[in-house]
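In our numbering, the protein residues as written are 44 to 149.
Laid out in structure tokens, this is it:
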């Protein structure tokens, strides 16, 4: 299995990260009423950047939790992506439904 194929699938799952090394979202530069949404976008971009740039680490972490023969390439890509995103969401607000709802609304 070519991991590069899975990396490309992970990139296609990214909602906000489209390449580059500079996060375009800056919660400190928006109106207070838009801060929470911009902060969430900032964090999601960061998580997506992390999973694309640090794919090997996230993939190895995922492999320890699920045997590779149980998933096809698309499932692997989606699950590795979810692992990184949900890890970031848990670090933002563990039980804050508003932040989770905003993510799923993106």
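Idealized CB from N, CA, C, for every residue including glycine. All figures in this text were calculated on a predicted structure; none of them were measured in a lab.
_I'd like to know if the region 51-69 and the region 84-95 are in contact, where contact means that at least 3 CB-CB pairs between them fall below 8 Å._
yes
_Nonlocal neighbours in the same chain, by C-beta distance under 7 Å from residue 101, ignoring five residues either side_ = Here residue 101 corresponds to residue number 58 of the chain shown, with the count starting at 1. For residue 101, where only same-chain residues beyond five positions count, the Cβ hits under 7 Å are 94, 123, 126 and 127.
*Is the CB-CB distance between residue 116 and residue 48 below 8 Å?*
Position 73 of the chain shown holds residue 116. Position 5 of the chain shown holds residue 48. Yes.
*Can you have a look at residue 74 and say buried or exposed, based on whether 16 or more other CB atoms are within 10 angstroms of its CB?*
Here residue 74 is taken as the residue at index 31 of the chain shown, counted from 1. Exposed, because fewer than 16 other Cβ atoms sit within 10 Å of the Cβ of residue 74.
*Measure from the alpha carbon of residue 62 to the alpha carbon of each residue in 51, 69, 72 and 70, then state which is nearest.*
The residue you call residue 62 lines up with position 19 of the chain shown. Of 51, 69, 72 and 70, the residue nearest in Cα terms is 51.
*asked:* Which same chain residues end up closer than 7 Å to residue 105 when comparing Cβ atoms and leaving out the 5 residues on each side of it in sequence?
replied: By 1-based counting over the chain shown, the position of residue 105 is 62. If we look at residue 105 and ignore the five residues flanking it on each side, its Cβ neighbours are 122, 123 and 126.
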